[in-house]
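Per our numbering, the sequence shown starts with residue 234, numbered consecutively.
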Amino acid sequence: MKVFVTTELFPFTHGGIGRAIANMLSSLDPAQAAQTAIVWVGDDLDSNRFASVYPQIKLVVVSKLDYELVDENGVCYPPEWAFTDTEWHWRSVRALQGLRKLAREVGKLDYIEFPDWGGLGFATTQEKRLGREFDDSVVAVRLHTVDSLLADVDSRLVDKQALAIYDLERKALADSDSVIAQIPEVGHAIKAFFGFSDEQWLPRIHVHAPPVTLDFGDVAREPISACADTPIVFPSKIQYLKRPDLFLRGACGFVRAHPEYRGNIVFAAHSSPDAMARLRRMVPPDLAGRFVFLDNASPIERAHLLSRSISVTTSQFESFCLSAYEASLAGAICVLNGNNPAFGDSSPWRDGLNCCKFDGTAEGLAAALAVAYAHGVREIVKMPSDPTPWDMLQAPPAPKSVASRPLVSVVVPHFNLGEYLPRTLDSILASTYENVEIVVVDDCSTDALSCLAIERIQTLGGRIRIVRNPMNLGLAATRNVALQHVCGEFILTLDADDLIGPQFIELAVDALQRNPEFDFVVPQTGFFLDREEGQIGRQAAFADYAVFYGEARALGMYENRFSTATCMARTVVLRELKYREELEAYEDWDLYSRALATGKRFIATNGIHFFYRRRANSMYHTPERVARHRELYHALLTGKMVEAGEVRLPLYVLEGGQAASAAPGALEEELHALRSQLAFYQNSRAIFATRKIVEYLKAKAPWAIKLTRHGLQTVWRARRRLRS
234 MKVFVTTELF
244 PFTHGGIGRA
254 IANMLSSLDP
264 AQAAQTAIVW
274 VGDDLDSNRF
284 ASVYPQIKLV
294 VVSKLDYELV
304 DENGVCYPPE
314 WAFTDTEWHW
324 RSVRALQGLR
334 KLAREVGKLD
344 YIEFPDWGGL
354 GFATTQEKRL
364 GREFDDSVVA
374 VRLHTVDSLL
384 ADVDSRLVDK
394 QALAIYDLER
404 KALADSDSVI
414 AQIPEVGHAI
424 KAFFGFSDEQ
434 WLPRIHVHAP
444 PVTLDFGDVA
454 REPISACADT
464 PIVFPSKIQY
474 LKRPDLFLRG
484 ACGFVRAHPE
494 YRGNIVFAAH
504 SSPDAMARLR
514 RMVPPDLAGR
524 FVFLDNASPI
534 ERAHLLSRSI
544 SVTTSQFESF
554 CLSAYEASLA
564 GAICVLNGNN
574 PAFGDSSPWR
584 DGLNCCKFDG
594 TAEGLAAALA
604 VAYAHGVREI
614 VKMPSDPTPW
624 DMLQAPPAPK
634 SVASRPLVSV
644 VVPHFNLGEY
654 LPRTLDSILA
664 STYENVEIVV
674 VDDCSTDALS
684 CLAIERIQTL
694 GGRIRIVRNP
704 MNLGLAATRN
714 VALQHVCGEF
724 ILTLDADDLI
734 GPQFIELAVD
744 ALQRNPEFDF
754 VVPQTGFFLD
764 REEGQIGRQA
774 AFADYAVFYG
784 EARALGMYEN
794 RFSTATCMAR
804 TVVLRELKYR
814 EELEAYEDWD
824 LYSRALATGK
834 RFIATNGIHF
844 FYRRRANSMY
854 HTPERVARHR
864 ELYHALLTGK
874 MVEAGEVRLP
884 LYVLEGGQAA
894 SAAPGALEEE
904 LHALRSQLAF
914 YQNSRAIFAT
924 RKIVEYLKAK
934 APWAIKLTRH
944 GLQTVWRARR
954 RLRS
């Protein structure tokens with residue numbers, strides 16, 4: 234069974250990803266189609282409509298309402314609202330759950346293909362690295378065009394979500410079995426953009442272009458011959474990265490240089506009112522009558538126009554550019570930006586044979602239009618006939634199970650947390666993995682309960698050892714002391730008031746043994762209050778959540794999305810890096826960022842395996858800590874550099890772009906209090922349940938919502954009349 238995971242599919246949605254998948258589905262013979270499935274992670278999709286278009290393709294709709302907060306193994310997952318950076322992370326977990334559902338129904342999934350957009354394959358690639366799922370499947374990511382690269386060439390604001398998407402997209406590509414490039418140069422461009430090495434990238438690349446089909450008319454036998462009335466058409470969406478401004482300037486240059494040309498310059502594309510208004514203002518007044526804006530043209534009208542036109546693609550990046558192939562196959566003369574990797578030397582496009590290329594400038598475009606107008610092209614484009622990846626690729630051999638169960642050292646730094654320490658140790662001893670030593674390092678605790686707890690634990694012996702600091706050293710230094718006393722091949726760091734799930738140590742050890750090129754395994758996190766401790770393992774909901782990506786290259790510059798202080802690591806790596814003892818806080822964030830800078834790699838779980846106690850007096854949740862964030866963040870950045878070409882600057886220059894606090898002290902505390910209240914209401918179980926009920930009613934009984942709303946309005950009006 235081959236599977237395409239997607240949020241787009243023609244004809245139900247717009248977008249090039251959906252059209253490419255539709256074209257691949259249409260090329261399958263009946264036997265192949267019967268062994269193909271779509272896992273749908275987009276908005277609502279009518280299964281009857283799908284069956285009418287793709288009768289032999291299996292459909293799995295991963296509805297929001299079907300999202301599992303607990304899987305069959307008892308592992309909990311964060312709810313939708315917990316994914317605060319971007320919904321694409323949550324969608325990737327939904328995709329994973331949809332694939333699990335499909336595998337339960339049909340058995341082995343031979344080939345699973347994700348689009349690169351949004352990092353939709355993130356959760357599945359992590360689950361495979363962990364060894365929990367899909368060992369015998371090829372997990373591939375197709376290069377349709379990552380959102381991250383578009384953010385680099387488009388005129389749009391970059392926010393926290395864009396940084397999170399960068400991390401998800403890169404991680405999904407890094408950890409997939411195969412990367413499907415539709416054009417070789419596009420694969421090289423994505424490799425360079427994300428900074429992959431040849432060793433990481435080239436062995437996994439497979440080139441395969443999707444087939445191209447025409448919705449209207451047959452494939453032309455030969456291209457048209459241009460005449461004085463042939464329209465010059467811009468068929469792309471009107472947005473900055475498509476360079477409609479370049480098209481307009483180049484077309485104006487051509488028209489002025491060729492007064493005998495009588496045709497129109499046509500924008501046959503969708504656009505926002507603002508973008509269209511900006512373009513109209515750019516049109517020279519004396520040429521205004523020559524420009525036509527067809528933003529509402531029907532598909533038939535657009536296809537007919539393109540088939541008798543000079544079609545111009547000015548964008549500087551495309552992964553394939555389906556519209557250019559469609560135009561050429563319909564008979565149009567194609568003028569293409571030669572700097573676009575989709576039209577590179579390894580593509581089917583040949584300058585002077587089946588297209589006219591220009592150098593990416595307005596002058597170059599005007600010259601290429603002159604060639605197309607005077608001489609045309611000799612052939613329509615020939616479609617590549619690459620072998621399909623689902624027929625060619627084989628799942629990499631599953632890592633062999635390692636019989637040895639190496640020693641794991643669980644490091645527990647402790648200072649005045651004697652009330653909680655026994656329960657932390659109990660959570661470690663409850664692990665399904667038994668070859669564990671526990672090293673508790675007491676940082677000169679002062680309260681009587683903590684001192685008594687340490688004394689009693691020391692008498693237990695066995696797998697628990699107590700190390701006492703001669704003086705109070707602080708958290709970072711205490712962790713470094715622990716590194717000197719551990720004997721295990723792997724280390725799990727765990728603070729003295731937190732809890733670890735019983736499955737995590739075994740899961741993480743297995744993952745690191747299966748993947749020797751990785752160094753850390755990061756658990757997702759659920760926050761609990763003291764009164765909720767007894768409910769852990771018996772219910773799915775937590776007071777709050779923290780989700781992590783492991784390799785948070787972009788967002789990790791501004792927020793810690795690597796991991797909490799608790800993760801599994803190779804002992805040799807932590808001893809190499811060490812914690813920076815001069816840092817008062819964020820020492821774990823700093824260590825992970827340095828690990829990433831030296832090429833260390835992370836695997837992130839999708840399930841929640843770490844339980845963080847939210848204490849009322851915790852130093853991490855005080856207004857003073859929030860107010861000191863910028864000072865602590867500055868300390869985190871010191872000693873690090875950023876380079877751009879020949880420019881080398883200290884990393885603290887990042888601080889300059891952040892807005893300074895408008896008012897200190899009370900305002901910070903008030904803001905923190907308001908945020909906490911908002912988070913409480915947003916994350917409360919009652920509101921979560923209400924939202925789920927509303928989502929269910931919208932899907933199953935929308936009339937009930939309207940009836941309830943009407944009833945409440947009637948009651949409210951009656952109440953107002955009675956009060957008046």
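Note that beta-carbon positions come from the ideal geometry of N, C-alpha and C, so glycine has one too.
Beta carbon of Pro348 nearer than 8 Å to that of Ile250: On the sequence shown, position 115 is the one that residue 348 refers to. On the sequence shown, position 17 is the one that residue 250 refers to. Contact flag set, yes.
N- and C-terminal bounds of the beta strand (DSSP E) containing Ile841: Against the sequence shown, residue 841 aligns to sequence position 608. Ile841 -> beta strand (DSSP E) spans 835-846.
Thr378 and Ser552 closer than 8 Å at C-beta: Start at 1 with the first residue of the sequence shown, and residue 378 comes out as number 145. Start at 1 with the first residue of the sequence shown, and residue 552 comes out as number 319. Cβ distance < 8 Å, so Thr378 and Ser552 count as in contact.
Candidates Glu815, Asp730, Leu788: closest to Phe844 by CA position: Here the question's residue 844 lines up with position 611 in the sequence shown. Taking only the C-alpha atoms, the option nearest Phe844 is Asp730.
For Trp323, the three-state DSSP class (helix, strand or coil): Walking along the sequence shown from the start, residue 323 turns up at place 90. Trp323 falls in the helix class under three-state DSSP.
For Gly420, the first and last residue of its enclosing alpha helix (DSSP H): Mapped onto the sequence shown, residue 420 falls at position 187. 417-427 is the span of the alpha helix (DSSP H), which, as asked, contains Gly420.
Outcome for Met515 when other beta-carbon atoms lying within 10 angstroms are tallied against a minimum of 16: On the sequence shown, residue 515 is found 282 positions in, with the first residue counted as 1. By the neighbour-count rule (16 or more Cβ atoms within 10 Å), Met515 is not buried but exposed.
Member of Val700, His718, Arg712 whose CA lies at the smallest distance from the CA of Leu727: As a first step, residue 727 must be located in the sequence shown, where it is residue number 494. When only C-alpha atoms are compared, the closest one is Arg712.
Contact set for Lys235: own chain, Cβ-Cβ below 7 Å, skip 5 residues either direction: The count along the sequence shown starts at 1 and reaches residue 235 at position 2. The answer, listed in chain order, is Gln268, Thr269, Asp343, Tyr344, Trp623.
Alpha helix (DSSP H) runs wholly inside the stretch 754-836, at least 4 long, in chain order: 804-810, 820-830
Rounded straight-line distance, which links the Cα of Phe591 to that of Thr446: Taking the first residue of the sequence shown as 1, we reach residue 446 at position 213. Taking the first residue of the sequence shown as 1, we reach residue 591 at position 358. Their backbone Cα atoms lie some 26 Å apart in a straight line.
Whether Ser542 touches Pro464 by CB criterion (8 Å): Counted from its first residue, the sequence shown places residue 542 at position 309. Counted from its first residue, the sequence shown places residue 464 at position 231. Closer than 8 Å, so yes.
Residue environment, Cys460, which counts as buried when at least 16 other CB atoms sit within 10 Å: Taking the sequence shown and counting its residues from 1, the one referred to as residue 460 is at position 227. Per the 10 Å Cβ criterion, exposed.
Cβ pair Val295, Val274 closer than 8 Å: In the sequence shown, residue 295 corresponds to position 62, counting from 1. In the sequence shown, residue 274 corresponds to position 41, counting from 1. It is a contact, given that the beta carbons lie within the stated cut-off.
C-beta atoms of Leu598 and Leu479 nearer than 8 Å: Residue mapping note: residue 598 aligns to position 365 of the sequence shown, counting from 1. Residue mapping note: residue 479 aligns to position 246 of the sequence shown, counting from 1. Taking 8 Å as the Cβ cut-off, Leu598 and Leu479 qualify as a contacting pair.
Where the beta strand (DSSP E) through Glu876 begins and ends: Residue numbering aside, residue 876 sits at position 643 when the sequence shown is read from its first letter. Taken as a continuous stretch (DSSP letters only), the beta strand (DSSP E) holding Glu876 covers 874-877.
C-beta contact flag for Lys216 and Phe355 at 8 Å: Past the edges of the chain, shown from 234 to 957, lies residue 216, and the structure says nothing about it.
Opening and closing residue of the beta strand (DSSP E) in which Tyr344 lies: Taking the first residue of the sequence shown as position 1, residue 344 is located at position 111. Run containing Tyr344: 344-348, per the beta strand (DSSP E) assignment.
Outcome for His322 when other beta-carbon atoms lying within 10 angstroms are tallied against a minimum of 16: To locate residue 322, count along the sequence shown from 1; it is residue 89. Answer is buried; the Cβ neighbour count reaches 16.
Inter-stretch contact (C-beta, 8 Å, three-pair minimum) for the stretch 749-758 and the stretch 831-848: yes
Backbone CA spacing between Thr797 and Ile738 [nearest angstrom]: As a working note, residue 797 is residue 564 in the sequence shown. As a working note, residue 738 is residue 505 in the sequence shown. Each residue's Cα considered, the two are about 16 Å apart.
For Cys589, the three-state DSSP class (helix, strand or coil): One-based indexing of the sequence shown puts residue 589 at position 356. Strand, per DSSP.
Residues bridged to Leu882 [DSSP beta-bridge criterion]: Here residue 882 refers to the residue found at position 649 when the sequence shown is read from its first residue. Leu882 pairs with Val875.
Every unbroken alpha helix (DSSP H) within the stretch 553-600, with a cutoff of 4 residues, ordered by chain: 555-563
Check whether Arg698 and Val672 have beta carbons under 8 Å apart: Locating residue 698 in the sequence shown gives position 465, counting from the first residue. Locating residue 672 in the sequence shown gives position 439, counting from the first residue. Yes.
Through-space distance from Asp408 to Pro517, alpha-carbon basis: Residue mapping note: residue 517 aligns to position 284 of the sequence shown, counting from 1. Residue mapping note: residue 408 aligns to position 175 of the sequence shown, counting from 1. Each residue's Cα considered, the two are about 51 Å apart.
Proximity winner among Ile413, Ala557, Val806, Gly695, relative to Cys589 (alpha-carbon distances): Sequence index remark: in the sequence shown, residue 589 carries index 356 (1-based). If we check each option's Cα against that of Cys589, Ala557 comes out closest.
Three-pair Cβ contact test at 8 Å for the stretch 594-609 versus the stretch 559-573: yes
Top-ranked residue by Cα proximity to Arg583, from Arg846, Lys475, Glu820, Pro617: Here residue 583 refers to the residue found at position 350 when the sequence shown is read from its first residue. Here the closest residue by C-alpha is Pro617.
Span separating the alpha-carbon of Pro468 from that of Tyr825: In the sequence shown, the residue the question calls residue 468 occupies position 235. In the sequence shown, the residue the question calls residue 825 occupies position 592. Approximately 46 Å between the Cα atoms of the pair.
Beta carbon of Leu382 nearer than 8 Å to that of Phe426: Stepping through the sequence shown from its first residue, residue 382 is reached at position 149. Stepping through the sequence shown from its first residue, residue 426 is reached at position 193. The answer is yes: Cβ separation under 8 Å.
Supposed contact pair Ile724 and Ser660 - C-beta distance, whole angstroms, cut 8 Å: Taking the first residue of the sequence shown as position 1, residue 660 is located at position 427. Taking the first residue of the sequence shown as position 1, residue 724 is located at position 491. No, Ser660 and Ile724 are not in contact; Cβ-Cβ is about 16 Å, not under 8 Å.
Pairwise C-alpha distance: Val669 and Pro581: The residue you call residue 581 lines up with position 348 of the sequence shown. The residue you call residue 669 lines up with position 436 of the sequence shown. Whole-angstrom Cα-Cα distance: 59 Å.
Run of the alpha helix (DSSP H) containing Pro288, from where it starts to where it stops: The count along the sequence shown starts at 1 and reaches residue 288 at position 55. Pro288 -> no alpha helix (DSSP H), and no H or E assigned at all.
Residue(s) in a DSSP beta bridge with Phe500: Numbered from 1 along the sequence shown, position 267 holds the residue referred to as residue 500. Paired residues: Phe467, Phe526.
Boundaries of the beta strand (DSSP E) in which Ile543 is found, first to last residue: Here residue 543 corresponds to residue number 310 of the sequence shown, with the count starting at 1. Its beta strand (DSSP E) spans residues 543-546.
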